[in-house]
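S.K.:
Residue numbers (our numbering): 743 to 1069.
1) Examine the Cβ distances between the segment 811-831 and the segment 940-949 and report whether three or more of them are shorter than 8 Å.
2) Distance check for residue 898 and residue 872, CA to CA, integer angstroms please.
3) How far does the alpha helix (DSSP H) with residue 981 in it reach, from first residue to last?
4) So residue 989 and residue 881 are in contact, right, with Cβ under 8 Å, and what is the actual spacing, rounded?
5) Can you list, in chain order, the residues of its chain whose CB lies under 6 Å from that of residue 993, leaving out five sequence neighbours each side?
6) Per the contact definition of three or more C-beta pairs closer than 8 Å, is the segment 836-855 in contact with the segment 958-975?
7) Which residue marks the beginning of the alpha helix (DSSP H) containing residue 847, and which one marks its end?
8) With a 10 Å radius around its C-beta and 16 neighbouring C-beta atoms as the bar for buried, classify residue 944 as buried or exposed.
9) Does the separation of the CB atoms of residue 981 and residue 895 fall below 7 Å?
10) Could you give the distance in angstroms between the alpha-carbon of residue 819 and the alpha-carbon of residue 794?
11) Alpha carbon to alpha carbon, how far is residue 862 from residue 918?
12) Between residue 965 and residue 929, how many whole angstroms is the CB-CB distance? I'm expecting something under 8 Å.
13) Are residue 937 and residue 832 close, meaning C-beta to C-beta below 7 Å?
14) Could you give the DSSP three-state label for residue 994: helix, strand or coil?
15) Thinking C-alpha only, which one of 958, 1036, 843 is nearest residue 1002?
16) Under 7 Å, Cβ to Cβ, is there at least one residue of chain B near residue 803?
17) Just verifying my parser: in three-state terms, what is the DSSP assignment at residue 721?
18) My parser needs the beta strand (DSSP E) runs of 3 or more residues fully inside the segment 902-929; what are they?
19) Quick check on DSSP: helix, strand or coil for residue 1049?
20) Quick one: Cα of residue 1067 to Cα of residue 1040, how far?
21) Using 10 angstroms around the beta-carbon of residue 1032, count the other beta-carbons present and answer buried if the total reaches 16, otherwise exposed.
22) Specify the secondary structure class of residue 972 as computed by DSSP and reduced to three states.
23) By alpha-carbon positions, which one of 912, 857, 1019 ends up nearest to residue 968?
24) Helix, strand or coil for residue 836, going by three-state DSSP, please let me know.
25) Which residue wins for smallest C-alpha separation from residue 856, given the options 900, 780, 909?
26) In this structure, how does DSSP classify residue 789 when only helix, strand and coil are distinguished?
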């Protein structure tokens, strides 16, 4: 269902619907942005829209939200970009309607409706985790609108042949998995720390911002639906992967946490085959959550890539040994 808004200019310059009060758990010093909201027909979707210039769209996965990219927004705005960072329905500051669909293809449909409503052109997609298939589906469906790609620890193909993910997905789809995800809040509580190369880098105040959006079992259904979709959306992933040639030729940056326990070096190798001309940056001491674990490195490499000052495409990867990042 298309996003409902009075006019495109209203979407771009202010909320299309009255903005709800911000939750008390939100640290406004860490997340100083003014969220905007649009009605999707399934619920109200929150997004950040800051700055002016060539647009950069930051697409999160699970169980994160636009808070993940909080330290990248200001540097991109300072570099002359307009930055759009949505919260998928069911995540962050967006609504969590009980009747909504939360499959990755549903998140992709709503993201496409938002970006179409904003009439963005020559945009750069920055994607992470489930944001990979969700965001890159837009580049595949509307390649004329997407100019550049930045991929952080993600995928675009069926995961059935990854035994570790397949086991986890089968568990998630079981009765026990539903209890773990909806009753015990397993995704942000345990899986987020497990994704870090060094769990000490996950400060308690930051962790709370991934726990707080999911206070009860009903609010956690979107997390469970995506966990099940690791295998359950294989047909959709396969359809995207079969059209990956539409991504070739676009300048791309592969920025990878090499100590990611799930989407590690083997996933980067597959991306290098799919995008052989991409600039590759290997972050030797970062895990899955690169924006949390290596924010300074991420900022430097993304800004350089957008300025065209990164090493040429197809060059050997960078190797970085990162110390603990400031929270």
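Beta carbons: idealized from backbone N, C-alpha and C, even for Gly.
M.R.: The relevant details are as follows:
1) no
2) 9 Å
3) Residue range 976-983 is occupied by the alpha helix (DSSP H) that includes residue 981.
4) 6 Å
5) 890
6) Enough Cβ pairs lie closer than 8 Å, so yes.
7) 846-859
8) buried
9) No.
10) 7 Å
11) Each residue's Cα considered, the two are about 43 Å apart.
12) 4 Å
13) no
14) strand
15) Out of 958, 1036, 843, 1036 has the C-alpha closest to the C-alpha of residue 1002.
16) The displayed structure is made up of one protein chain only, and chain B is not part of it.
17) Since the displayed the chain opens at 743 and closes at 1069, residue 721 lies outside it and no answer follows.
18) none
19) helix
20) Note that residue 1067 scores a pLDDT of 38, beneath 50, so its modelled location is shaky; the value from the coordinates is reported in the next line. Counting only the Cα atoms, residue 1040 lies some 11 Å from residue 1067.
21) buried
22) helix
23) Closest option to residue 968, judged by alpha-carbon separation, among 912, 857, 1019: 912.
24) coil
25) 780
26) strand
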